[in-house]
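Numbering (the numbering used here), first residue to last: 1199 to 1454.
For each residue, glycine too, the CB sits at the ideal point set by N, CA and C.
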Amino acid sequence: MATLQFTPPSGRHRRESRTIITPVRCTAERQALFNRIAPVYDNLNDLLSLGSHRVWKRMSVSWSGAKEGDTVLDVCCGSGDLAFLLSEKVGISGKVIALDFSKEQLQIAASRQRERSRACYKNIEWIEGDAVNLPFSDSSFDAATIGYGLRNVVDRKKALEEMCRVLKPGTKLSVLDFNKSTNPLTSSIQDWMIDNVVVPVASGYGLASEYQYLKNSIKEYLTGWELEKLALQAGFSEAKHYEIGTGFMGNLVATR
C-alpha cells in the first residue's frame, strides 16, 4: 500500500488561544519525562490498572467511530496501544497515523509493530511531532483519538483546535484520560491511590519523581463539563464527556 503524503498545515481554521500551563512546564520537559518512562510505561500501565486500561482504550476507540477503510489519527500515541486498536477497526484497507513527540516511545511502538503478524498492523505509520502543531492538512482524517495526552499538553485548547482542523466534518475525536472528578469521595480515593500505590510502585522502577507529578496534573486538568466547553470553543460542533472506570477515568467524545 502506498504511503499517504500529508502536506504541511495550511493555517486555515487556526485561532489564537491562551496557553494553559500544566505541571510539566514546557515541551522539552514533557518530552524528557516521557522519554524516561518509555521503557517501563506498558508494564506500569498493566500493573497499576490491573489490566483495566485495555478495556478503557477499547471503549475510547469505539467512541471514535473509526471503521473499515478509514484514515485515522492517534495523537500522543505513546507505545501504540490505541494505534493498534484503531488498525483493527480500519483493517487492511485503512490507514493509521500515530504521532508522538517522544522518540523513545515511537521506537518501542515500532518494535511492537514488527513483532506482530496481523496484516492490519502494517498500516500504522509512526510520526514524531507535537499535538499543538500537527503536520497534516485540513480535513485529512475520518476519526482521531488521544489517550492520556491532552492533560499533559502545554496548550490544551490549541491541541483541540489542531485535532478539529485535521478531522473531516462530521467525524469524531475520542479523548481518554484520568477524570477530574467533582465527587469529593472519588477525588480523595484517587489521591490516595496515587500516593500509596502509583508512586510506590513507580519507585520500584526508579521513577518515583516522574510519577509524583500525576496527582497535580489531574488537579490542574479539567472537569468533564470544562472539557466539553473547551472542545466547543476549539471548533467542535458537539461534545460529551463520559465517566468510566468507577469515575476515575473519563472519555470526551467531540464531533467535528
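- The DSSP-derived three-state label of L1332 is coil.
- In this structure, the beta-carbon distance from V1451 to S1372 falls below 9 Å.
- As summarised for the region 1275 to 1304, the continuous alpha helix (DSSP H) elements at least 4 residues long and confined to that stretch are 1279 to 1288, given in chain order.
- L1365 has its alpha-carbon roughly 22 Å from the corresponding atom of E1424.
- In the displayed model, Y1409 falls within a helix according to three-state DSSP.
- In the three-state DSSP reduction, K1370 falls in the strand class (E or B).
- Under the criterion of beta carbons closer than 8 Å, F1299 and G1327 qualify as touching, at roughly 7 Å.
- In the DSSP assignment, D1272 forms a beta bridge with A1296, T1343.
- In the DSSP assignment, the residues bridged to W1324 are A1296.
- Counting of Cβ neighbours within 10 angstroms places L1420 among the buried residues, the total reaching 16 or more.
- In this structure, G1345 sits near L1374, with a CB-CB distance shorter than 9 Å.
- Counting the other CB atoms within 10 Å of its CB gives V1351 a total of 16 or more, which places it among the buried residues.
- Boundaries of the alpha helix (DSSP H) around L1425: 1422 to 1431.
- Sequence-distant Cβ neighbours of E1323 in its own chain, meaning closer than 6 Å and more than five residues away, are I1295.
- The three-state secondary structure of E1360, taken from DSSP, is helix.
- C1274 is the residue among C1274, F1376, V1253, R1312 whose C-alpha sits nearest the C-alpha of A1329.
- Per DSSP, the unbroken alpha helix (DSSP H) holding K1255 starts and ends at 1250 to 1262.
- Taken through DSSP and simplified to helix, strand or coil, N1394 comes out as helix.
- The three-state reading of DSSP puts D1353 in coil, since its state is none of H, G, I, E or B.
- Inter-residue distance for G1263 and L1271 is about 12 Å (C-alpha atoms, whole angstroms).
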